[in-house]
Ligand SMILES: Cc1ncc(COP(=O)(O)O)c(C=O)c1O
Ligand SMILES: Cc1ncc(COP(=O)(O)O)c(C=O)c1O
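Below you can see the structure in the form of structure tokens.
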């Protein structure tokens, strides 16, 4: 079902946790649906210097959370914003069709965090 | 499906053939239905002295024909007439339900042959 | 060797070696078609009739009341659709429960689109049906009541005998899906008062792809699988001879071992439940505390997600099951847990462990060692922690 | 040792030892449920998906177009009812033939009682359908044409490709029952132009109780077996894993041996037919003289009754089949022979001998020694003798 890459990220997720006093916070999903994610970022010169996640959810939700933080870390905000659900799935060597919604959550979480940063700092993309 | 007794009578049917100048002849069934039987009897003093059959039909048809001749041989006409389909089936240690019609054929054939004898000889039962 | 602790016996069971052995001759040597008239066919026919006698006797039925099917799903489809279509003139009302297996729910759902009315009986927080509700719900148009003998997810055993008394009195057919109970606890069609009963071999150490439907003599039924005149014109298709033989062998062994094995498993089950409740916080036991299958443990590990728990257990060599949305192939968590009034956010955290022939106390101890840190890790990874799980 | 010459391969076949061997691990070790998410479940899933690839490739289909069923009967029921109910809005007309297997005829018969119209195409004296009749019979209300690939009794191979061209042009679904051809002669869904195709493992040295339905992508279908979400929601029920693995193995071997085996059997078949015609008077060959299955011999031995011949052959160790009323479980002889215009009194004398992997020339010689005296004896016992058989 899951690729080796998904299982690796599930087994050993990168960037789990919360940044203290983050520059941006993204929260998506809700426990009723079974999936919930909170991403915190620290931004320096329009670059995502640090990023952490906390996720309640299935294997794919955790793996995509982990992957999105890995992809986004060190990226310019402009590019990070463009990370799509397909990018995340591809980076994980694919996801089962019924699991594609989990990778949406991860992409949305990141975008929300960036939006939160922008709204606090008045910068527009 | 068939009892050992049925198979024995199928393998080695008794009284196959035709009596020359018989006292009574019974013919029942027709080839369209797949079953046809011809019984010939010789009668002496109201007793079936000899009886033979020819049958076109399935294993049960042949076995019941054989059995009816064995049962009837040496019997008084009055008793022979009473041989029922159940008597024949019982004597063969039973028949599969869908085969019960074959034993009807045998009983009917015998009764026809006796009737034929009676009509020729003016005797009534 | 890697650890392999199978705790999903409710999903399927390994075929017993004795069962495989009994099946073997029917593949290569005794391969005749039971519908054939020559010696090999008659031998095959004889063998399946003996198997039928065995299965029938084990549930207190007559042999001719047993129809072999391709499994529990077919038995359920056959029962529900067979009764519905054959009794359309009498009525179009079917009563069932919201906690049935999909093999019952989906045929009912389908019939609804074809003009039938389906009433779903309520269940309490333990998943228990109240017989009084059955009585209350039956109308002049009711043709069938279908209530499972025990639920496959939470293990609750339903009050079938009481329901059977009511349906008999009212002259309504009663079907029960006994797929989870048959071979594990006593099943007797007359004590239960049922007219139709579904069973499946692969839940009792028999092969997959074979099952049976008990149909009480005189029941007005329409065939489901149509074609040849097999099974007295009630179920067409060349007999799965090896499967039928294996099924009967599994039944034979189950009968011998049922009492002692049920006792053994119930003890292990209670030990496991106690251990989980002691070692992990915020746990909810699902299903009836006492009227439950001897081998069923089902808990909500609030604040962790079921599939993530399952995958984590798998990494430790433990096979389990969950009612989370992610494992059901839909967006909703288990329909059984929801029907019992468990909120979706808690239902997502459900874990089912079902015990069986190979399960030992050491296995349970291992689970009790491994599960708490898994739950702790997942809760720590959650943005909610465990806070929201607390009242 | 007693003689055992099996000549009823069209009824069922022995499972090949290699097939049994391939199945074995899936009973006791690799017993996981393919729907389960943990390792054992995923392994089982992987195995059945590989099996699906194999079966699909062998008929030129995509893997996702294959749905595993409990056999040919289920595949036929699924195809006929699935198309009929899902396309009711388009129309209620189904076209088939009077020589189909009961697994097609009975579902059609059933649908007729539920408001469908069934047209039975005529067949000629060889049991052959004329594609022009298909074209002529299709109306705006036709939703399905179902014509078998080869007939199981007389072996006649139908002109499916020609029929496929017509149904495609007219936009009507085409189903074929390929239970008798698959594994024996080439079957390609695109060459045949079919949208649905039924196959069954036990006719090609695989196990009983497993088959498949090919469903062309985009076909509007309703599921037949409802319940769990197996087979992409198209066929519920726990997978018969061992059966599926055995099926694929049988397909693999059949693919390798098909060409040479078909040639070998066709030669034996012709040798047997010639021998019977030479040694017995008043014999009629049933089925097409050349467009027939390589392993099928079907004759009417006029003036003798089929079941009696069958039993007599069985006493000599030979397994055979007949279309007489006595073997069909009804009062009428074979519906296939009657549809071909053979009078009932002749149809009752039919004998089918179907050859297969274990058949040798010695076997055929033995049959040719044994059969003539049997026929002679039965004819001598008949009140009609052979007289009426003569023109
Ligand atoms: C309660 C219940 N009913 C029906 C089924 C379906 O049986 P099968 O898997 O034999 O189709 C199952 C198991 O899958 C079950 O647990
Ligand atoms: C042409 C044909 N269709 C369908 C079937 C039924 O297949 P199964 O025996 O797998 O149910 C058979 C054989 O019995 C057959 O010969």
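Residue numbers (the working numbering), protein chains in the order written: chain Y, 936 to 1060; chain H, 936 to 1060; chain C, 2 to 392; chain B, 2 to 392.
Just so it is clear, CB atoms sit at the ideal spot from N, CA and C, and this is done for glycine as well.
Across the region 992-1007 of chain H, CB contacts with chain B closer than 8 Å involve 992, 993, 994, 995, 996 and 997, in sequence order along the chain. Cβ neighbours of residue 245(C) within its own chain (closer than 7 Å, five residues either side excluded): 49, 52, 69 and 211. Between residue 372(B) and chain C, the shortest Cβ-Cβ separation is not below 8 Å.
Inter-residue distance for residue 95(C) and residue 118(C) is about 6 Å (C-alpha atoms, whole angstroms). Residue 976(Y) is bridged by DSSP to 959(Y) and 986(Y). Assignment of alpha helix (DSSP H) within the region 186-232 of chain B, counting only whole runs of 4 or more residues, yields 190-193 in chain order. Cβ-Cβ separation between residue 958(H) and residue 978(H): approximately 4 Å, consistent with a contact (criterion under 8 Å).
Under the criterion of beta carbons closer than 8 Å, residue 148(C) and residue 173(C) do not qualify as touching, at roughly 12 Å. Assigned with DSSP and collapsed to three states, residue 176(C) falls in strand. Sequence-distant Cβ neighbours of residue 221(B) in its own chain, meaning closer than 7 Å and more than five residues away, are 87 and 88. For residue 93(B), the shortest C-beta to heavy atom distance toward ligand 1 is 7 Å or greater. Straight-line spacing of the CA atoms in residue 382(C) and residue 976(Y) works out to 17 Å. Of all C-beta pairs linking the region 145-165 of chain C to the region 25-43 of chain C, fewer than three are shorter than 8 Å, placing the two stretches out of contact. Scanning the region 232-306 of chain B for uninterrupted beta strand (DSSP E) segments of 3 residues or longer gives 284-286 and 297-302, listed from N- to C-terminal end.
Non-local beta-carbon contacts of residue 218(B) in its own chain, meaning distances under 8 Å to residues more than five positions away in sequence, involve 63, 65 and 66 in chain order. Straight across, the Cα-Cα distance linking residue 177(B) with residue 189(B) is about 11 Å. Residue-level contact by beta carbon fails for residue 338(B) and chain H, as no gap is shorter than 8 Å. With a threshold of 8 Å between beta carbons, residue 211(B) makes contact with chain C. Nearest to residue 354(C) by alpha-carbon distance, out of 115(C), 35(C), 368(C) and 341(C), is 368(C). In this structure, the beta-carbon distance from residue 59(C) to residue 252(C) falls below 8 Å.
Scanning chain Y for C-beta atoms nearer than 8 Å to the C-beta of residue 108(C) yields nothing, as the closest lies near 24 Å away. Between residue 206(B) and residue 361(B), the gap from beta carbon to beta carbon reaches 8 Å or more. Beta-bridge annotation (DSSP): residue 151(C) is paired with 158(C).
The C-beta of residue 48(B) comes no closer than 8 Å to any C-beta of chain H. Taking all protein chains shown into account, residue 991(H) has 16 or more neighbouring C-beta atoms within 10 Å of its C-beta and is therefore buried. Taking a contact to require three or more Cβ pairs closer than 8 Å, the region 341-355 of chain B and the region 298-309 of chain B qualify as touching. Using a Cβ-Cβ cut-off of 8 Å, residue 973(Y) is close to 384 of chain C, given in chain order. Sequence-ordered contacts of the region 290-309 of chain B with chain H read 304, 305, 306, 307, 308 and 309 [C-beta pairs closer than 9 Å]. Look at residue 352(B) here: in three-state DSSP terms it is strand. With respect to the C-alpha of residue 8(B), the residue from 168(B), 314(B) and 283(B) having the closest C-alpha is 314(B). Residue 946(H) reaches chain B at 316, counting residues in chain order whose Cβ is nearer than 7 Å.
Under the 8 Å criterion on CB atoms, residue 44(C) is classed as non-interfacial with respect to chain B. In the DSSP secondary-structure assignment, residue 971(H) is bridged to 964(H) and 991(H). Residue environment for residue 45(C): buried (at least 16 other C-beta atoms within 10 angstroms of its C-beta). Excluding its 5 nearest sequence neighbours in each direction, residue 263(B) has C-beta neighbours in its own chain below 7 Å: 185, 186 and 295, listed in chain order.
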